[in-house]
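For the sequence shown, counting from 1, position 220 maps to 701 in the working numbering; every step adds exactly one.
Glycine included, every Cβ here is placed at the ideal spot set by N, Cα and C.
What follows is one structure encoded as structure tokens, with my remarks underneath.
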Amino acid sequence: MERTRAQKFWIYVGVCLIMLFTALPLLLLVIATFSSSGDLNAKTLHLWPAEWTFNNYSRVFSGEASDGSLPPFLTAMKNSVVVALSSTLLTLFIGMFAAYACARFRFRGRDALLVSILGFRMVPEVVLLIPLYVIFARMGMINHKPALIVIYMAFNLPYVIWMMQTYFRSIPRSMEESAQIDGVSPLGILFKFLLPLSLPGLVATGIFVLLIAWDEFMFASIFTSTYDAKTITVAISEFSKRGMIDFGMQITGGLLASLPPIALALFLQKYIISGLSEGSEKG
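Here is the structure:
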């Protein structure tokens with residue numbers, strides 16, 4: 482009994498240390514957003530600001546800076562929400578059909594197709610940057626959000642197909658066979674049986690794809706040059722211009738940009754934990 486209590490004690494100590502190690506950088510980030518430029522640019526490290534101020538937040542939301550050329554932060558946030566959500570929903574919608582076909586239909590070259598889909602995602606994104614830019618430029622889609630949505634869909638589809646076909650394969654075929662006897666169509670089986678049973682995996686996959694689209698910078702910075710299309714990552718990068726880094730605005734912008742994904746993860750944490758745990762067991 483004593484040994485068990487000692488083990489629990491050290492487990493709790495280890496968990497607390499891990500939580501402290503994980504939360505401390507975020508706590509310092511939050512404190513830094515209330516620091517003045519003098520504290521942030523000081524040569525010595527200040528864990529606690531000498532003077533608390535909301536100036537960084539007011540400058541981020543108002544878009545005011547020394548050169549007066551920063552994009553509206555809220556507009557960039559809205560663009561990121563539109564691009565990330567649209568690409569995620571469309572990727573899940575298209576990917577679940579492909580995953581269902583790969584998981585349930587037997588056809589020649591199925592395994593080779595899955596490997597080739599994953600192999601496409603292994604191609605470095607920078608290799609496709611110029612060809613994609615030429616294509617979208619000729620289509621007149623540069624500086625438009627649909628261009629980013631299509632690109633994110635193309636790069637995230639392999640993740641959705643591979644992750645969802647794993648969940649679909651784990652569901653017993655007997656359930657589908659019973660539904661087929663009752664006259665249910667393949668699409669009916671997918672929407673009435675497979676998707677409800679795979680909901681945790683679908684949510685976990687959606688969160689994973691959403692975070693990739695939300696954090697993407699390279700394509701967003703190249704394919705957008707107007708403030709009506711720039712995403713949050715591009716807006717934050719433009720807080721530094723002409724060789725000068727505005728640490729206060731970058732830190733504050735980064736913190737604000739992380740709030741929507743964090744809130745979404747907390748709201749859907751039940752499905753995320755269930756989906757990841759089921760995926761590890763089925764894998």
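Open item on the list: Which same chain residues end up closer than 6 Å to S517 when comparing Cβ atoms and leaving out the 5 residues on each side of it in sequence?
Closed with: Here residue 517 is taken as the residue at index 36 of the sequence shown, counted from 1. Hits under 6 Å: E532, T534.
TODO: Give the straight-line distance between the Cα atoms of S547 and K559, rounded to the nearest whole angstrom.
DONE: Counting from one through the sequence shown, the residue named residue 547 turns up at place 66. Counting from one through the sequence shown, the residue named residue 559 turns up at place 78. Because the pLDDT at S547 is just 44, under 50, the model does not fix this residue reliably, and the value given afterwards should be weighed accordingly. Computed Cα separation, rounded: 24 Å.
TODO: Starting from S721, follow its DSSP beta bridges and name the residues at the other end.
DONE: What you label residue 721 is simply residue 240 of the sequence shown in a count that begins at 1. DSSP output for S721 lists I726 as bridge partner(s).
Open item on the list: Assuming Q663 is part of the alpha helix (DSSP H), what are its boundary residues?
Closed with: Your numbering for residue 663 matches position 182 in the sequence shown. The sequence shown places Asp at residue 663, rather than the Gln named in the question. In the DSSP assignment, D663 falls outside any alpha helix (DSSP H), carrying neither H nor E.
Task: Whole-angstrom C-beta distance between L510 and F728, which should lie under 8 Å - done: Mapped onto the sequence shown, residue 728 falls at position 247. Mapped onto the sequence shown, residue 510 falls at position 29. Wrong, their Cβ atoms sit about 11 Å apart, outside the cutoff.
Task: Run of the alpha helix (DSSP H) containing W643, from where it starts to where it stops - done: By one-based count along the sequence shown, residue 643 stands at place 162. First-last of the alpha helix (DSSP H) with W643: 626-651.
- [ ] Output the boundary residues of the alpha helix (DSSP H) element that contains F704.
- [x] The residue given as residue 704 occupies position 223 in the sequence shown. F704 -> alpha helix (DSSP H) spans 699-704.
Task: Buried versus exposed call for G495 [16 or more other C-beta atoms within 10 Å across all chains shown] - done: Counting from one through the sequence shown, the residue named residue 495 turns up at place 14. Counting Cβ neighbours within 10 Å, G495 comes out exposed, since fewer than 16 surround it.
Open item on the list: Between the alpha carbons of R585 and I670, how many angstroms are there, rounded?
Closed with: As a position in the sequence shown, residue 585 is number 104, starting the count at 1. As a position in the sequence shown, residue 670 is number 189, starting the count at 1. Using only the alpha carbons, I get a separation of about 11 Å.
- [ ] For I732, count neighbouring C-beta atoms within 10 Å of its own C-beta (all shown protein chains included) and say buried if the count is 16 or more, exposed if not.
- [x] In the sequence shown, residue 732 corresponds to position 251, counting from 1. Buried.
Task: Rounded straight-line distance, which links the Cα of L528 to that of R540 - done: Within the sequence shown, numbered from 1, the residue matching residue 540 stands at position 59. Within the sequence shown, numbered from 1, the residue matching residue 528 stands at position 47. So the two alpha carbons sit approximately 22 Å from each other.
Task: Between the CA atoms of F588 and F649 - distance to the nearest angstrom - done: Translated into positions along the sequence shown, residue 649 becomes position 168. Translated into positions along the sequence shown, residue 588 becomes position 107. Near 17 Å, if we compare the C-alpha coordinates of F588 and F649.
Task: Contact belief for F689 with Y640 at Cβ below 8 Å, rounded distance in angstroms - done: Counting from 1 along the sequence shown, the entry for residue 689 is found at position 208. Counting from 1 along the sequence shown, the entry for residue 640 is found at position 159. At roughly 7 Å, the Cβ-Cβ gap stays under 8 Å, so F689 and Y640 are in contact.
Open item on the list: If distances are taken between C-alpha atoms only, which option among Y538, V631, A582 comes closest to L668?
Closed with: For the purposes of this step, residue 668 is identified with residue 187 of the sequence shown, where counting begins at 1. The residue with the shortest Cα to Cα distance from L668 is A582.
TODO: Return the chain-ordered list of same chain residues with a C-beta closer than 6 Å to the C-beta of L678, the five sequence neighbours on each side being excluded.
DONE: For the purposes of this step, residue 678 is taken as residue 197 along the sequence shown, with counting starting at 1. Taken in chain order, the residues that qualify are I652.
Open item on the list: Excluding the 5 residues flanking T572 on each side, which residues of the same chain have their C-beta closer than 7 Å to its C-beta?
Closed with: Here residue 572 refers to the residue found at position 91 of the sequence shown. M634, N637, L638, V641, V690.
Open item on the list: Give me the residue from I713, L594, A685 with the minimum Cα distance to F754.
Closed with: Locating residue 754 in the sequence shown gives position 273, where the first residue counts as 1. Just to set this straight, residue 754 is Ile in the shown sequence, not Phe. Out of I713, L594, A685, A685 has the C-alpha closest to the C-alpha of I754.
- [ ] Measure the C-alpha to C-alpha separation of M500 and T514 and round it to an integer number of angstroms.
- [x] Locating residue 500 in the sequence shown gives position 19, where the first residue counts as 1. Locating residue 514 in the sequence shown gives position 33, where the first residue counts as 1. C-alpha separation (whole angstroms): 22 Å.
- [ ] Could you say which of F542, A746, M656, K673 lies nearest to G687 if we only look at CA atoms?
- [x] Against the sequence shown, residue 687 aligns to sequence position 206. The option with the nearest alpha carbon to G687 is A746.
Open item on the list: With distance defined between alpha-carbon atoms, name the residue in G664, S739, G682 nearest to A694.
Closed with: The residue labelled residue 694 in the question sits at position 213 within the sequence shown. Checked all of G664, S739, G682; the closest Cα to A694 is S739.
- [ ] Find the nearest neighbour of I598 within the set G576, L610, R619, judged by alpha-carbon distance.
- [x] For this step, residue 598 is matched to residue 117 along the sequence shown. The shortest Cα separation from I598 among G576, L610, R619 belongs to G576.
TODO: Could you tell me if the beta carbon of C497 falls within a distance shorter than 6 Å of some heavy atom in the ligand MN?
DONE: For the ligand MN, the structure offers nothing, since it holds no ligand at all.
- [ ] Counting only the same chain and skipping the five closest in sequence on each side, list residues whose C-beta sits under 7 Å from that of A565.
- [x] If you number the sequence shown from 1, residue 565 lands on position 84. The residues are L691, A694, W695.
- [ ] Please classify I623: does DSSP put it in a helix, a strand, or coil?
- [x] Indexing the sequence shown from 1 puts residue 623 at position 142. In this structure, I623 counts as coil in the three-state DSSP scheme.
Task: Segment limits, alpha helix (DSSP H) that includes T572 - done: Residue mapping note: residue 572 aligns to position 91 of the sequence shown, counting from 1. From DSSP, the alpha helix (DSSP H) with T572 extends over 554-585.
- [ ] Give every residue of the same chain whose Cβ lies closer than 7 Å to the Cβ of G549, excluding the five residues on either side of it in the sequence, and list them in chain order.
- [x] On the sequence shown, position 68 is the one that residue 549 refers to. Reliability fails at G549, whose pLDDT of 49 lies under 50, so the model's placement of it is uncertain and the value that follows must be treated cautiously. Contacts found: none.
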